[in-house]
Amino acid sequence: MTDSGQSLFDLITAFYNIELGETVFFGFTWNLKVGKLIGFLGTFLFAGRWVVQLGASKIAGKPVLPLLFWYMSISGSLLLLSYFIFGQNDSVGIINNLFPMAIAVYNLVLEYRHRADLKAQGSTP
Numbered sequence: 003m004t005d006s007g008q009s010l011f012d013l014i015t016a017f018y019n020i021e022l023g024e025t026v027f028f029g030f031t032w033n034l035k036v037g038k039l040i041g042f043l044g045t046f047l048f049a050g051r052w053v054v055q056l057g058a059s060k061i062a063g064k065p066v067l068p069l070l071f072w073y074m075s076i077s078g079s080l081l082l083l084s085y086f087i088f089g090q091n092d093s094v095g096i097i098n099n100l101f102p103m104a105i106a107v108y109n110l111v112l113e114y115r116h117r118a119d120l121k122a123q124g125s126t127p
C-alpha cells in the first residue's frame, strides 16, 4: 500500500479506536469506542431489516421483501465491514459480511431492472 493509503488507513483506524467511556452493564465492564458504536449501528440495521420485512409482509398479507430491506442489508453490511476492518481487524467478520452484502446488491439491481422493464411495458410494480 502507498504511504498515503497507509496513512488514511491509520487515520480511520485511530478514529475507530477513540475511547468514549466505560460502563458496567449486567456486571460486565464495556469499553465504548467509536468503532463499537458503528458496529452496533450496523448490527441493528442488519437485524432490523427483518422487522421491516415482517411489517411489509403483514400489510401485504403475503411474504414480501421491500426495497428498504435491501438498503438496510447493504448499509448494515457496510457498517459491519468497516467495524471489522478498522475496529477489530477480523477476517472472519469481513468474510461474514461480504457475501450477504453482495447478494443484497445483486437483488437490488434485479429489482430495479424489473421495475424498469415494467415501466417500459406500461405496468406498475
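Under our numbering, the first residue of the sequence shown carries the number 3, and numbering increases by one thereafter. Glycine included, C-beta positions come from ideal geometry on N, C-alpha and C.
Within the same chain, Leu67 and Trp72 come within 8 Å of asparagine 109 by CB-CB distance, once the 5 residues on both sides are set aside.
8 Å or more divides the Cβ of glycine 95 from the Cβ of lysine 38. For valine 36, there is no enclosing beta strand (DSSP E); the residue is part of the alpha helix (DSSP H) that begins and ends at 36–62.
The segment 60–127 contains, as complete alpha helix (DSSP H) runs of 4+ residues, the segments 69–84 and 93–123 (chain order).
DSSP, reduced to helix, strand and coil, places phenylalanine 28 outside both helices and strands of the structure shown, so it counts as coil.
Linking asparagine 19 to phenylalanine 27 through their CA atoms gives a straight-line distance of about 20 Å.
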